[in-house]
Each structure stands twice: as C-alpha cells, then as structure tokens.
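Chemist: In my numbering, the protein residues as written are -3 to 287. All C-beta atoms in this analysis are idealised placements derived from N, C-alpha and C, irrespective of residue type, glycine included. Structure in structure tokens, see below.
Below you can see the structure in the form of structure tokens.
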C-alpha cells in the first residue's frame, strides 16, 4: 500500500475491538455494495432469510454522471476496495459486491478476479465476495457443466461479457439471451424504461422460454437483479425468492447471481438460511460448511 508521493503506508489493521462479538450490534455483520443509482434488493432478501443473529447493511457506490457503462465500472474498480476497507473498519464479517458485470468489466479474467478477491479478503481481514465470481463457485460446487442463461434486462455487451466469463471458467453455455431476444420487449430502449421492475409472471414465462431453447442443461441461470412485481400489492420478489416454484416448474436447479452470492455469504458465515429456499441454498440447510 502506498500513500501520496509514493510513501509507504503501514499494513492495514482491522480494529481489535471487533474480535469480540459483544462489541457488535449483531454477532455477524454483512455489508452489501451495489452499483451507483440503484437500490439493491440484496440486503432485504438476505436479512429476511438469515438467522436473527445476522445484521445486514447496504452501501451504494458514488460515481458522478453514472450511465451504467462497463467502461465506467472499469474506471472505478478501485471503489470496491474502498468499500471493503470501510466495511472492515465497521466490523463487518463479510462484504458482498452486487452487480454481476464487474468481474468481466475488470478485464482481469477468472483467475485474476479470484486473486483480487483473495487479496482484499486477506488485506482487510474481512471476507469479500463478488456476485459474478460467486456464480462460478456455486456452479462448480454443484458439479454443473451445461447451462443456459436468462439475461433478463441486461444490455447485450453486459450479458455477452457474462457468457464469456462463464465460458472462460469452463462452463458450456448452451443458450443465452435477454428479454428482447426472448420477444417480451421490442427494443432495448423499451426494456430499459422498465427500470429493472417487471410483472411477476414474466419470471416464469422467461424461464420457460429459456428451458424450451435449451432443454438438456444441468441448470438454468439468470443474471442481474430483476424485480418481479406482485399485482395485488406492488411488492416485488427477485429470483432468489422465486427459486422454489421456478425449480418445481423446470425440474432443474435455478442458480442466479443473487442466489449464488447469498450462498457464498452463508458458507463464509458457517450458517444456513432460516427460511425455505431453492436447491442451492437449501443444500446449506442439510449441511452448513465453513468458509
């Protein structure tokens, strides 16, 4: 680590007070960071499924004039380390990065991202997980080889980057396409105007479409943080909350970026969800491995 003018800074030391769980508002604390100008459902989803001993906090990145471009994520990649340091200072046990495209926007490759995650986790004595790499870890743990990707609202360069990252990691992506490719919207502009929120039935319809295109895969994937709105009261659920019914419909695991990230956090905490979940998260309820 270097300071201004190249002066060396002392190695980071996590405040010693956090080694005693009694000094924390919650015995286990998780910090989620999400891209600029987007509220993320991750903290809400996670706190709803976690035991009462887990506290969940959110952090929105600040990038002025942010336009959701991949080059902006590359230019501001260092912000992730800043978040991990702040989370460590506050006594977090895990810092989780939401936004599946950051891993391929980094140009570090699969192995480079693994080393990056490892470096930040060791430097700040706080486990750091990125949703794009958590997907790779989850698929490997599930012994999955052939997959199909529901790219939901993602721009073409976003989801093609995800496909490239998964293929680099060794997975056979049989089919991929977003809601425009699937015919639910006429253009990317019309899709973008939904601001990531859709009618609830589109979750099932889109997954059924993908399954029709790729019936012989080991698992169905979805990227992003799409919210599916319930007609009766306007409440939304993401894929992590819809997984049990989608898996019952498809007869195969549904492993999305939000599901994979939650799974990875629980593994690090050595805990399992306290509520009914889909196949991947439910596997932790049968056995709760450590980090």
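Can you give the Cα-Cα distance for residue 84 and residue 230, rounded to whole angstroms?
Modeler: 36 Å
Chemist: Suppose only complete runs of 4+ residues qualify. What are the alpha helix (DSSP H) ranges in the segment 182 to 243, listed by chain order?
Modeler: Segments of the alpha helix (DSSP H) lying fully in the segment 182 to 243: 184 to 188 and 197 to 209.
Chemist: At a cut of 8 Å, does the segment 143 to 158 reach the segment 212 to 224 through at least three beta carbon pairs?
Modeler: Inter-segment contact for the segment 143 to 158 and the segment 212 to 224 is present: three or more beta-carbon pairs are separated by less than 8 Å.
Chemist: Any idea if residue 263 is buried or exposed, counting beta-carbon neighbours within 10 angstroms, 16 or more meaning buried?
Modeler: Residue 263 comes out buried.
Chemist: Compute the beta-carbon to beta-carbon distance between residue 100 and residue 179, rounded to the nearest angstrom, for a pair I have assumed lies under 8 Å.
Modeler: The Cβ separation is near 26 Å, so there is no contact.
Chemist: In the DSSP assignment, the alpha helix (DSSP H) including residue 171 goes from what residue to what residue?
Modeler: From DSSP, residue 171 is part of no alpha helix (DSSP H) but of the beta strand (DSSP E) over 168 to 173.
Chemist: CA-CA distance, residue 140 and residue 132?
Modeler: 10 Å
Chemist: How would you call residue 211, buried or exposed, if buried means at least 16 neighbouring beta carbons within 10 angstroms?
Modeler: exposed
Chemist: What residues are listed by DSSP as bridge partners for residue 125?
Modeler: Answer by DSSP bridge pairing, in chain order: 92.
Chemist: Between which two residues does the alpha helix (DSSP H) containing residue 282 stretch?
Modeler: Residues 275 to 282.
Chemist: Among the residues of its own chain, which have a CB less than 6 Å from the CB of residue 127, if the five just before and after it don't count?
Modeler: 94, 96, 253 and 257
Chemist: Rounded to the nearest angstrom, what separates residue 124 and residue 67 at their Cα positions?
Modeler: 22 Å
Chemist: Using 8 Å as the cut-off, classify the Cβ of residue 242 as near or not near the heavy atoms of the ligand MN, replying yes or no.
Modeler: In the structure shown, the ligand MN is absent, as is every other ligand, since no ligand is present at all.
Chemist: Measure the Cβ-Cβ separation of residue 195 and residue 225 and say whether it is below 9 Å.
Modeler: yes
Chemist: Is residue 91 closer than 9 Å to residue 26 when the C-beta atoms are compared?
Modeler: In this structure, residue 91 lies closer than 9 Å to residue 26 by Cβ.
Chemist: From this set, 69, 270, 11 and 275, which residue's C-alpha is nearest residue 42's C-alpha?
Modeler: 270
Chemist: Mind pulling the alpha helix (DSSP H) runs of 4 or more residues that sit fully within the segment 40 to 84?
Modeler: 66 to 71
Chemist: What residues are listed by DSSP as bridge partners for residue 35?
Modeler: In the DSSP output, where bridge partners are listed per residue, residue 35 has none listed.
Chemist: Measure the C-alpha to C-alpha separation of residue 260 and residue 50 and round it to an integer number of angstroms.
Modeler: 15 Å
Chemist: Do residue 122 and residue 20 count as a contact pair if the criterion is CB distance below 9 Å?
Modeler: Not a contact, by the Cβ cut-off of 9 Å.
Chemist: Tell me the rounded alpha-carbon separation between residue 174 and residue 232.
Modeler: Roughly 20 Å between the two C-alpha positions.
Chemist: With a Cβ-Cβ cutoff of 9 Å, do residue 248 and residue 207 count as a contact?
Modeler: In contact: residue 248 and residue 207 (Cβ atoms closer than 9 Å).
Chemist: Put residue 19 into one of helix, strand or coil per three-state DSSP.
Modeler: DSSP places residue 19 in helix when its eight states are reduced to three.
Chemist: Which residue comes first and which comes last in the beta strand (DSSP E) that contains residue 27?
Modeler: Membership of residue 27 in the beta strand (DSSP E) is indicated by the continuous run 24 to 30.
Chemist: Quick check: residue 156 and residue 130, are their CB atoms within less than 9 Å of each other?
Modeler: no
Chemist: Leaving out the 5 sequence neighbours to the left and right, which residues in its chain are closer than 8 Å to residue 81 when beta-carbon positions are compared?
Modeler: Sequence-distant Cβ neighbours of residue 81 in its own chain, meaning closer than 8 Å and more than five residues away, are 8 and 120.
Chemist: Is it right to say residue 158 is buried, meaning 16 or more other beta carbons lie within 10 angstroms of its own, or is it exposed?
Modeler: buried
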